[in-house]
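The numbering of the sequence shown is this note's numbering, which starts it at 1370 and goes up by one. Note that CB positions come from ideal geometry on N, CA and C, so glycine has one too. Encoded as structure tokens, the structure appears first; notes follow it.
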Amino acid sequence: MLPTPFPHFLAGLLSVAIVAHCFTTSGLLTTLEHQVRFARPRFGTYEVLDFVVVLLGYAISAEPTLLAFYDRLTPFAIPFMALFNRQRLPHRATLSRFLAALDQPCVEALRVLFQDDLITQTVQTFPPGGL
């Protein structure tokens, strides 16, 4: 049986698909995959990008908790991760361990990457101008 309110969650997945398309076409996905490094080269079988994808989906979903998000996402885990060219959804416990071990250089690299992308996309979308 599907959890309720299910249509709201599907709308969130559509939003994630749009974000994934933007990440892919802008090159942000490739940049994130190749430039952001964690002190540990891999976290089990997962990379930083896998966890960023999960957190991004969670933020867009508006689910009250990660547990609720995972419960709703589980039937769609493979296509959800495939939107970002990823293979598997990290388990909740793996995400928790990743967040606990996340170091400041990795956080800073993500911040700079997203900030630079925001500035680049803003300039392209809204060129300087005025009266």
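Item checked: Beta-carbon proximity of residue 1452 to residue 1380, cut-off 8 Å -> Working through the sequence shown from its first residue, we reach residue 1452 at position 83. Working through the sequence shown from its first residue, we reach residue 1380 at position 11. Their beta carbons are not under 8 Å apart, which means residue 1452 does not touch residue 1380 by this criterion.
Note to self: Let me confirm a value: residue 1472 is counted as buried when at least 16 other C-beta atoms fall within 10 Å, else exposed. Which label applies?
What the structure shows: Against the sequence shown, residue 1472 aligns to sequence position 103. It is exposed - the Cβ of residue 1472 has fewer than 16 other Cβ atoms within 10 Å.
Next item on the list: Starting from the N-terminal side, write out each stretch of the alpha helix (DSSP H) that is 4 residues or longer and does not extend beyond the region 1435-1468.
Entry: 1435-1442, 1446-1451
Item checked: Pairwise C-alpha distance: residue 1446 and residue 1484 -> Position 115 of the sequence shown, counting from 1, holds the residue named residue 1484. Position 77 of the sequence shown, counting from 1, holds the residue named residue 1446. Residue 1484 and residue 1446 have their C-alpha atoms some 28 Å from each other.
Note to self: If you follow the alpha helix (DSSP H) that residue 1471 is in, where does it begin and where does it stop?
What the structure shows: Sequence index remark: in the sequence shown, residue 1471 carries index 102 (1-based). From DSSP, residue 1471 is part of no alpha helix (DSSP H); its letter is neither H nor E.
Check: Comparing alpha-carbon positions, which option in 1436, 1422, 1482 lies nearest residue 1448?
Finding: Taking the first residue of the sequence shown as position 1, residue 1448 is located at position 79. When each option's Cα is compared against that of residue 1448, the closest is 1422.
Check: Between the Cα of residue 1463 and the Cα atoms of 1490, 1455, 1416, which residue gives the shortest distance?
Finding: Residue mapping note: residue 1463 aligns to position 94 of the sequence shown, counting from 1. Nearest option by C-alpha distance: 1416.
Checklist line | For residue 1405, three-class secondary structure by DSSP | finding: On the sequence shown, residue 1405 is found 36 positions in, with the first residue counted as 1. In the structure shown, residue 1405 sits in coil (DSSP, three-state: anything other than H, G, I, E or B).
Check: If we ignore side chains and look at the alpha-carbon of each, how far apart do residue 1465 and residue 1431 end up?
Finding: In the sequence shown, residue 1465 corresponds to position 96, counting from 1. In the sequence shown, residue 1431 corresponds to position 62, counting from 1. Rounded to the nearest angstrom, the two C-alpha atoms are 19 Å apart.
Next item on the list: Within its chain, find whatever has a CB closer than 6 Å to the CB of residue 1454; leave out the 5 residues flanking it on each side and keep chain order.
Entry: Locating residue 1454 in the sequence shown gives position 85, counting from the first residue. Cβ neighbours of residue 1454 beyond the five flanking positions: none.
Notebook entry, point to check: So what does DSSP say about residue 1432, is it helix, strand or coil?
Noted result: Within the sequence shown, residue 1432 is the residue found at index 63, counting from 1. Here residue 1432 sits in coil by DSSP.
Margin query: I'd like to know whether the C-beta atoms of residue 1384 and residue 1490 end up nearer to each other than 8 Å.
Written below: In the sequence shown, the residue the question calls residue 1384 occupies position 15. In the sequence shown, the residue the question calls residue 1490 occupies position 121. No, Cβ-Cβ distance for residue 1384 and residue 1490 is not below 8 Å.
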